[in-house]
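Numbering (UniProt numbering), first residue to last: 1 to 257.
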Amino acid sequence: MFLFSTEVTSSKILSDNPLFQRTLKAYTLIANKVHGDVLEIGCGEGYGLDIISRKSKSLTVIDKNKKVLKKIKRKYPNTSVLMQNITPSLKLNDNSFDVIVSFQVLEHIKDADAFIKEIHRVLKPDGIAYITTPNSKKTIARNPWHYKEYNYAEINSLIKKSFVDYKVASIQGNKKTDEYYLKNKKSVEKILRLDIFKIQYLVPAALLKLPYEITNRINRKTLFKKNSTLVNNISLEDYSLGVYSQNTLDFFCVLKK
1 MFLFSTEVTS SKILSDNPLF QRTLKAYTLI ANKVHGDVLE IGCGEGYGLD
51 IISRKSKSLT VIDKNKKVLK KIKRKYPNTS VLMQNITPSL KLNDNSFDVI
101 VSFQVLEHIK DADAFIKEIH RVLKPDGIAY ITTPNSKKTI ARNPWHYKEY
151 NYAEINSLIK KSFVDYKVAS IQGNKKTDEY YLKNKKSVEK ILRLDIFKIQ
201 YLVPAALLKL PYEITNRINR KTLFKKNSTL VNNISLEDYS LGVYSQNTLD
251 FFCVLKK
């Protein structure tokens, strides 16, 4: 995956703003809850590190993108950076971290059971993990970068295999973000009408990645061109934490060891 694919939400691309603000919201929700030894799994371009590094005693980040990790190390020289695949196992000791953060990563993991078990293993006793992942009910089209997206029942079923003490909350939007979602949905569905044989569901994901990137980027830029005020004005304040509902965009999971 290249650095600024549509799957790595960028703070530098204006048309990404609604998704960037939505992803950043999760970091602000834990800003005052981070402490001690902290691990972020799948840090992306690292835009959440300013927030989670403030109150951490030590910070370790894991990603498979070498280029990203080099940039993070330059900006945060005291951060430990590890380049590795997340599953089947993390190259970390048992009971190592007070807090683990993994936002918008779970959907990319083939062996999700192993992933959650590994989080449990490397958490210290009484440690807490914060995980977000998209609500599959709000997905408009197949995302070939995702192994699996979860509904409310599925995410609960997955977590409780490894954790007894957990909560699945909801990141949701408002009228402004709903307007953007509906405009995006209408635009995507217009594109999907061309797929009369539902090929997106029949071919291997690897074959869809390039056309997905091209059409998704064009779609976002088109939405921005037609609705620049709406796209630019969506901010952190337009997203909030609540209980699960039909308006849930992302699951916000709190897992305590």
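For glycine and all other residues, C-beta sits at the position ideal for the given N, C-alpha and C.
Enclosing alpha helix (DSSP H) for residue i [first to last residue]
{"i": "A26", "result": "N17 to L29"}
{"i": "I72", "result": "K66 to K75"}
Rounded separation between residue i and residue j - CA only
{"i": "P44", "j": "T229", "result": "Note on identity: in this sequence residue 44 is Gly, with Pro being the wrong assignment. Those two C-alpha atoms are separated by around 27 Å."}
{"i": "H120", "j": "K190", "result": "43 Å"}
{"i": "F252", "j": "Q172", "result": "10 Å"}
{"i": "K57", "j": "I41", "result": "17 Å"}
{"i": "R54", "j": "I234", "result": "25 Å"}
{"i": "C166", "j": "I52", "result": "Cys is not the amino acid found at residue 166; the sequence shown has Tyr there. Computed Cα separation, rounded: 21 Å."}
{"i": "N85", "j": "T79", "result": "18 Å"}
{"i": "V188", "j": "Y212", "result": "11 Å"}
{"i": "L92", "j": "G36", "result": "16 Å"}
{"i": "E154", "j": "R142", "result": "18 Å"}
{"i": "V38", "j": "I62", "result": "11 Å"}
{"i": "T28", "j": "Y47", "result": "11 Å"}
{"i": "I140", "j": "Y239", "result": "19 Å"}
Residue i - DSSP class collapsed to helix/strand/coil
{"i": "K91", "result": "coil"}
{"i": "E189", "result": "helix"}
{"i": "R54", "result": "coil"}
{"i": "Y47", "result": "coil"}
{"i": "K167", "result": "strand"}
{"i": "L3", "result": "At L3 the pLDDT is 41, less than 50, meaning the model places this residue with poor confidence and gives no usable figure here."}
{"i": "L59", "result": "strand"}
Where the beta strand (DSSP E) through residue i begins and ends
{"i": "F252", "result": "T248 to K256"}
{"i": "F97", "result": "F97 to F103"}
{"i": "E40", "result": "G36 to I41"}
{"i": "K209", "result": "First-last for K209: A205 to K226, but that is the alpha helix (DSSP H), not the beta strand (DSSP E)."}
{"i": "S240", "result": "S240 to G242"}
{"i": "S80", "result": "S80 to M83"}
8 Å contact criterion, which residue i and residue j should meet: CB distance rounded
{"i": "I128", "j": "V231", "result": "With 8 Å as the limit, I128 and V231 do not qualify as a contact, their Cβ atoms being about 34 Å apart."}
{"i": "Y152", "j": "Y244", "result": "5 Å"}
{"i": "residue 264", "j": "K124", "result": "Nothing can be reported for residue 264: it is not among the residues displayed for the chain, which extend from 1 to 257."}
{"i": "Y150", "j": "L158", "result": "7 Å"}
Residue i: CB within 8 Å of a non-hydrogen atom of the ligand PLP
{"i": "S136", "result": "Although the ligand PLP was asked about, the structure shown includes no ligands whatsoever."}
Exercise. Entirely within the region 116-153 and at least 3 residues each: give me those beta strand (DSSP E) ranges in chain order.
Key: 123-134
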